[in-house]
Amino acid sequence: LGAIFGVFLICALIILGFRKGFQEVEEDYLDNMLGMPTRFSYEELKNVTKNFSNKIGEGGFGSVFHGTLPPGSEVAVKHLVGFGAVNKSFVAEVQTIGSINHFNLVSLVGFCAEKFNRLLVYKYMANGSLDRWIFNKNQESALRWQIRKKIIIDIAKGLAYLHEGCNQKIIHLDIKPQNILLDENFNARVSDFGLSKLIGRDQSRVVTAMRGTPGYMAPEWLSSVITEKADVYSFGIVVLEILCGRPNADKSQLEEDMHLLRLFRRKQEEGQLLDLVDQCSDDMQSNATEVVEMMKVAAWCCKMNMPGGLPCPQW
């Protein structure tokens, strides 16, 4: 028993030493990065969030808390938990969004890398994430067509900047409604860059073993070699979800209607695309021409053939 305990203790010390070494390397890396946002201490963020008392969200990598920076700026503080993938996610997020600025990308105000604590500080988005609005079956809170269209265009602008407007091309790799945040005026901003990849302008693709969210992943991810088209595919899925008011994979539906893409193909063949429009909306049917054109955009993004050619919207 003593020998077993000794082996366990040695393993624990090795792991602790590895974690400490990785932590020091990571902190040195962050210290030497140019153009970084504000670096906060852990104690500062405890005060900003009133000891992490107001939780406003939770995900696979940790929890999000509401906070207020002096003299009164509202922020959302993401407290990451765990090790390994979380540390990679943290560095990717700071490296990516910390060095760029665009109206349709969430603003990273600052971060904390202190001992084993990893926190990210964002500008607060009053209307939360997109999924809360498009998957809500309450007709009173259903989004009108003009707001849905604006959100789609905002997401497209954010992605266009990531793919074409930065010094290095940025592939997000996890576009989904939960990662689209809405401010008080329903301006949409792309968030959560924990899986993102930076690639040089002379590179056309990147190899990755990381995986996004099932239901939003492009087929080429099966080969682990991806391009910005992976984001375009995910964007197409999100557009369909915005128009239809339901998730791509919806287990509450009948088996033949469970997968939105398959249902879309069937309705396309039957000439009944408007049957898919969110029934909670009170004005999408009256804007049928624009809605169908946007469906064509989504179909093109998901590599589905549409009759009558493809639209060329001016974002």
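According to the working numbering, the stretch in the sequence shown is residues 1088 to 1402, in order.
Backbone N, C-alpha and C define an ideal beta-carbon position, used for all residues, glycine too.
Report yes if the CB atom of residue i is closer than 7 Å to the CB atom of residue j, and no otherwise.
i       : j       : result
LYS1165 : LEU1207 : yes
TYR1129 : GLU1180 : no
GLY1154 : THR1125 : no
LYS1284 : ILE1262 : no
SER1176 : PHE1148 : yes
ALA1247 : VAL1326 : no
ILE1143 : ILE1221 : no
LEU1249 : SER1216 : no
ASN1374 : TRP1232 : yes
Would you report the Cα separation of residue i and residue j, rounded to the nearest angstrom?
i       : j       : result
VAL1378 : ARG1219 : 21 Å
MET1323 : ALA1305 : With the sequence shown as reference, residue 1323 is identified as Gly, and Met is not the correct amino acid for it. One C-alpha to the other measures close to 10 Å.
ALA1336 : GLY1358 : 22 Å
GLY1169 : SER1140 : 20 Å
LEU1360 : LYS1133 : 50 Å
GLU1131 : ILE1313 : 39 Å
TYR1303 : PHE1351 : 15 Å
ASP1362 : ASN1274 : 28 Å
ALA1213 : LEU1156 : 16 Å
GLN1182 : LEU1260 : 15 Å
ASP1270 : LYS1354 : 34 Å
ASP1344 : VAL1364 : 14 Å
GLU1161 : ASN1272 : 16 Å
GLY1252 : GLN1372 : 35 Å
HIS1084 : VAL1178 : Because residue 1084 is not part of the residues shown, which for the chain are 1088 to 1402, the question remains open.
ILE1239 : SER1339 : 25 Å
TYR1209 : ALA1163 : 5 Å
Would you call residue i buried or exposed, if buried means 16 or more other Cβ atoms sit within 10 Å of its Cβ?
i       : result
TYR1116 : With a pLDDT of 48 at TYR1116, under the threshold of 50, the modelled position of this residue cannot be trusted, and the question is left open.
LEU1341 : exposed
PHE1198 : buried
VAL1070 : The first residue shown for the chain is 1088 and the last is 1402, placing residue 1070 beyond what the model contains.
SER1228 : exposed
VAL1196 : buried
GLY1281 : buried
SER1321 : buried
PHE1127 : buried
GLU1356 : exposed
LYS1383 : buried
GLU1315 : buried
Who are residue i's beta bridge partners in DSSP?
i       : result
ALA1375 : Its beta-bridge partners do not exist; DSSP assigns none.
GLU1145 : SER1150
ALA1385 : Answer by DSSP bridge pairing: none, since ALA1385 is not bridged.
LEU1360 : None; LEU1360 has no bridge partner.
CYS1331 : According to DSSP, which records beta bridges pairwise, CYS1331 is partnered with nothing at all.
HIS1259 : DSSP output for HIS1259 lists no bridge partner at all.
ARG1276 : LEU1268
ALA1163 : HIS1153, TYR1209
CYS1199 : LEU1206
SER1216 : LEU1268
ARG1126 : PHE1198
LEU1192 : VAL1277
ALA1336 : HIS1346
LYS1284 : ILE1258
Return the residue from the list the options that minimises the CA-CA distance to residue i.
i       : options                            : result
ASP1369 : GLN1226, ASN1191, GLY1245          : GLN1226
ILE1254 : LEU1363, LYS1224, ASN1188          : Residue identity check: residue 1254 is Asn in the sequence provided, not Ile. Closest option to ASN1254, Cα to Cα, is ASN1188.
MET1381 : ASN1191, SER1194, LYS1236, ASN1134 : LYS1236
ASN1223 : ASP1362, CYS1331, ALA1275          : CYS1331
ASN1191 : PHE1203, ASP1344, ASN1266          : ASN1266
THR1300 : VAL1178, LEU1268, GLY1146          : GLY1146
SER1186 : MET1123, TYR1209, LYS1383          : MET1123
GLY1159 : LEU1348, TYR1211, GLN1233, ILE1242 : TYR1211
CYS1389 : LYS1244, ASP1318, TYR1209          : ASP1318
LYS1076 : MET1371, ILE1184, ARG1205          : Examination of residue 1076 is not possible in this model, given that the chain is present from 1088 through 1402 alone.
LEU1167 : GLU1343, ASN1204, GLU1161          : ASN1204
SER1278 : GLU1343, PRO1264, GLY1252          : PRO1264
TRP1387 : LYS1338, LEU1348, ARG1333, GLU1271 : LEU1348
GLN1366 : ALA1243, ARG1333, LYS1316          : ARG1333
LYS1244 : ARG1276, GLU1271, MET1371          : ARG1276
Confirm the yes/no value for this check: CB of residue i, any heavy atom of the ligand FAD, distance under 6 Å.
i       : result
ILE1143 : With respect to small molecules bound, the structure shown includes none, and the ligand FAD cannot be examined in it.
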